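K.L.:
Chains as they are written, first to last, in the working numbering: chain A, 848 to 1101; chain B, 848 to 1101.
Written as structure tokens, this is what we have:
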């Protein structure tokens, strides 16, 4: 083309994980990894995640800080029927809007519970004013969208359904492609090779992840780029470099 | 005693998890839960965690923000020998100090690698000026302490050894005790009971964690307090309340 193309916008997101049970070590978060991969398919990068307590101020501060810095913000947790589910209230307060009952959510709950409807169950129809529901094709429990902010469940199966309802609906850029080359080597032995590789291949990120297995040192080198050609060129260069150092490269993770 | 005792100081901590591999969904963090439980034994509460990219600014900003808000800050990840291991540099820059070689760490590495010592391997002896090493009784790889900040590995086995080296050395308060009562019920059916319980038992935190298993709804109610007597009173009240509603309580997690 003869001239430099303008850099494409990188669309970004953050995740706010809400829940004392994560911070006490009782429960292992299982949403971050799924969301990260789902976002990548949409062409959006997960740039940061925060885990905060079930506390109005902590939730509100984290959501506002992330909205300031990233294109999209997702929350997980704290949207059930019990007293410790305060995400809706915290977000509404942070955004300076009221909490209202969403008529579609009320209708869904009334259909589901019938005469068993209670105030506690009606809590699950509460949304920050101005929010819309995101259909959940898997479990029926809708996600909640307020502009660039998405409020999702803590239970992974429900969150995954909410994300399915958003498939292809968010503006994004190019997904990040990745290839992994493994090798049986201490990573300190190839650190200089990796540093040279990183310098020589703009637009490709080179990560090194060591492991010890069966008494042997190994490392997986993960190369990532939005450009398949650049990615493959860097991978070939890495394989040649490992070979030259007498370390047989392994295509894919060891 | 006839008068109110002053509230005991609650010692707090935050964790900064450093690594593109976590944010891309490639690797599941395995340090948060372990650190949370270890901290609790020391009488310190994990109040927040942040996951940030391998980026100088992102690491520095997160560390400084957490130092501002909490008594102790821990980082995991980014302290190996490769070019993507930038935690030491990022922390030093954020604190406004130089990066220096720690003589004890150099000696350990020289002993370990002998004539195989390289610049890349020497990188692992770099610390922010003023830092001290935290002995690791399990793997030998020391943690790094700068005042209230602790720099630890990404690899869980190494991090756990670094924490063992800190056992009982940090000032803390009372550990949080917890008891779990389970029940086969939708949590929406007991939401009002739980809200009344929470109101009536100051000093006890009541959390509700629903699940679905084999087509049945259940929930685990986790009660937490630093005061064993208050905790047990709240648990008894919960069990009576569940019984009164025709829901058999189950001692311990279902």
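Just so it is clear, CB atoms sit at the ideal spot from N, CA and C, and this is done for glycine as well. Since the model is a prediction, treat every value here as computed from it, not as a measurement.
Which ranges does the beta strand (DSSP E) cover as unbroken runs of at least 3 residues, wholly within the stretch 874 to 935 of chain B, from first to last along the chain?
P.N.:
The stretch 874 to 935 of chain B contains these whole beta strand (DSSP E) runs: 891 to 899 and 919 to 923.
K.L.:
Taking DSSP as the reference, what is the three-state secondary structure of residue 871 of chain A?
P.N.:
If DSSP states are grouped into helix, strand and coil, residue 871 of chain A belongs with coil.
K.L.:
With respect to the alpha helix (DSSP H) encompassing residue 1005 of chain B, which residues constitute its N-terminal and C-terminal limits?
P.N.:
Element bounds for residue 1005 of chain B: 1003 to 1011.
K.L.:
Using a Cβ cut-off of 9 angstroms, which residues of the stretch 850 to 878 of chain A contact any Cβ in chain B, in chain order?
P.N.:
For the stretch 850 to 878 of chain A, which is checked against every Cβ of chain B, the residues closer than 9 angstroms are 862, 864, 866, 867, 868, 869, 870, 871, 872, 873, 874, 875, 876 and 877.
K.L.:
At the 8 angstroms Cβ level, is residue 930 of chain A part of the contact set with chain B, yes or no?
P.N.:
Yes - at least one Cβ of chain B is within 8 angstroms of the one on residue 930 of chain A.
K.L.:
If we ignore side chains and look at the alpha-carbon of each, how far apart do residue 1060 of chain B and residue 896 of chain B end up?
P.N.:
In a straight line, the C-alpha of residue 1060 of chain B is about 30 angstroms away from that of residue 896 of chain B.
K.L.:
According to DSSP, is residue 949 of chain A helix, strand or coil?
P.N.:
If DSSP states are grouped into helix, strand and coil, residue 949 of chain A belongs with coil.
K.L.:
Could you tell me whether any non-hydrogen atom of the ligand HEM is closer than 7 angstroms to the CB of residue 879 of chain A?
P.N.:
As for the ligand HEM, it is missing from this structure, which has no ligand bound.
K.L.:
Residue 888 of chain B and residue 938 of chain B - do their beta-carbons sit closer together than 8 angstroms?
P.N.:
No. Outside cutoff.
K.L.:
Roughly how many angstroms lie between the CA atoms of residue 870 of chain A and residue 1036 of chain B, to the nearest whole one?
P.N.:
Approximately 26 angstroms, taken between the alpha carbons.
K.L.:
Which of the residues in the stretch 1061 to 1081 of chain B, read from start to end, lie with their CB under 8 angstroms from any CB of chain A?
P.N.:
For the stretch 1061 to 1081 of chain B, which is checked against every Cβ of chain A, the residues closer than 8 angstroms are 1069 and 1071.
K.L.:
With distances taken Cα to Cα, identify the nearest neighbour of residue 1070 of chain A among A:902, A:893 and A:1049.
P.N.:
For residue 1070 of chain A, the nearest C-alpha among the options comes from A:1049.
K.L.:
Could you tell me if residue 848 of chain B is buried or exposed, where buried requires 16 or more neighbouring beta carbons within 10 angstroms of its beta carbon?
P.N.:
In this prediction, residue 848 of chain B has a pLDDT of 41, which is less than 50 and means its spatial position is unreliable; what the coordinates show is noted afterwards. By the 10 Å Cβ count, residue 848 of chain B comes out exposed.
K.L.:
Against chain B, does residue 1054 of chain A count as a neighbour if the rule is that its beta carbon must be under 8 angstroms from one of theirs?
P.N.:
Residue 1054 of chain A counts as touching chain B.
K.L.:
With burial defined as no fewer than 16 other Cβ atoms inside 10 Å of the residue's Cβ, what is the status of residue 894 of chain B: buried or exposed?
P.N.:
Buried: at least 16 other Cβ atoms inside 10 Å.
K.L.:
Under a three-way DSSP split, which group does residue 938 of chain A fall into?
P.N.:
Of the three classes helix, strand and coil, the one that applies to residue 938 of chain A here is helix, per DSSP.
K.L.:
So with Cβ pairs under 8 angstroms, would you call residue 927 of chain A a contact of chain B?
P.N.:
It does; some Cβ of chain B falls within 8 angstroms.
K.L.:
Would you verify that the beta carbon of residue 895 of chain A is, or is not, closer than 8 angstroms to some beta carbon of chain B?
P.N.:
Output row for residue 895 of chain A: interface = yes.
K.L.:
Quick check on residue 899 of chain A - is its C-beta less than 8 angstroms from some C-beta in chain B?
P.N.:
At least one chain B Cβ lies under 8 angstroms of residue 899 of chain A.
K.L.:
Looking at the C-beta of residue 1034 of chain B, does it have a partner C-beta in chain A at a distance below 8 angstroms?
P.N.:
So yes, residue 1034 of chain B belongs to the interface.
K.L.:
Helix or strand or just coil, what does DSSP make of residue 1041 of chain A?
P.N.:
The answer is helix: DSSP assigns residue 1041 of chain A an H, G or I state.
K.L.:
Which one or two residues does DSSP pair with residue 1025 of chain B in a beta bridge?
P.N.:
Looking at the DSSP assignment, residue 1025 of chain B forms a beta bridge with B:1071.
K.L.:
With 8 angstroms as the threshold, decide whether the Cβ of residue 948 of chain B is near any Cβ in chain A.
P.N.:
Answer no: the Cβ-Cβ gap between residue 948 of chain B and chain A never drops below 8 angstroms.
K.L.:
Say whether chain A places a C-beta atom closer than 8 angstroms to the C-beta of residue 848 of chain B.
P.N.:
The predicted position of residue 848 of chain B is uncertain, since its pLDDT is 41 and thus under 50; a value taken from the coordinates is nonetheless stated next. With 8 angstroms as the cut-off, residue 848 of chain B does not count as an interface residue toward chain A.
K.L.:
Check each candidate in B:1068, B:1076 and B:1078 and name the one with the smallest Cα separation from residue 1089 of chain B.
P.N.:
Checked all of B:1068, B:1076 and B:1078; the closest Cα to residue 1089 of chain B is B:1068.
K.L.:
Candidates B:994, B:873, B:910 and B:1029: which alpha carbon is nearest residue 977 of chain B's?
P.N.:
Of B:994, B:873, B:910 and B:1029, the residue nearest in Cα terms is B:994.
K.L.:
Using DSSP with H/G/I as helix, E/B as strand and the rest coil, what is residue 848 of chain A?
P.N.:
Only weak support exists for where residue 848 of chain A lies, its pLDDT of 42 falling under 50; the coordinates are left without a value.
K.L.:
Which whole-angstrom value is the C-beta distance of residue 930 of chain A and residue 1038 of chain B, which I expect to be below 8 angstroms?
P.N.:
Contact flag correct, Cβ pair sits at about 7 angstroms.
K.L.:
Any idea what DSSP makes of residue 954 of chain A, helix, strand or coil?
P.N.:
Note: residue 954 of chain A maps to helix in three-state DSSP.
K.L.:
List, in order along the chain, the chain A residues whose C-beta lies closer than 7 angstroms to that of residue 968 of chain B?
P.N.:
Per Cβ cutoff of 7 angstroms: 1035.
K.L.:
Suppose the cutoff is 6 angstroms on Cβ atoms and the five residues either side in sequence are ignored; what does the same chain contact list for residue 860 of chain A look like?
P.N.:
Within the same chain, residue 860 of chain A has close Cβ partners 886, 891, 893, 917 and 919.
K.L.:
Can you look up residue 962 of chain A in the DSSP assignment and give me helix, strand or coil?
P.N.:
Residue state, collapsed to three classes: helix.
K.L.:
Using C-beta distances below 6 angstroms, list every residue in its chain close to residue 988 of chain B, excluding the 5 sequence neighbours before and after it, in chain order.
P.N.:
Excluding residues within five positions, the ones whose Cβ falls inside 6 angstroms are 1005.
K.L.:
Which residues share a DSSP beta bridge with residue 1052 of chain B?
P.N.:
B:1071, per the DSSP bridge assignment.
K.L.:
Could you give the distance in angstroms between the alpha-carbon of residue 910 of chain A and the alpha-carbon of residue 960 of chain B?
P.N.:
Using only the alpha carbons, I get a separation of about 47 angstroms.
K.L.:
Quick one: what's got a C-beta closer than 8 angstroms to residue 1023 of chain A's C-beta in the same chain, skipping five residues either side?
P.N.:
Around residue 1023 of chain A: 887, 892, 1071, 1072 and 1073.
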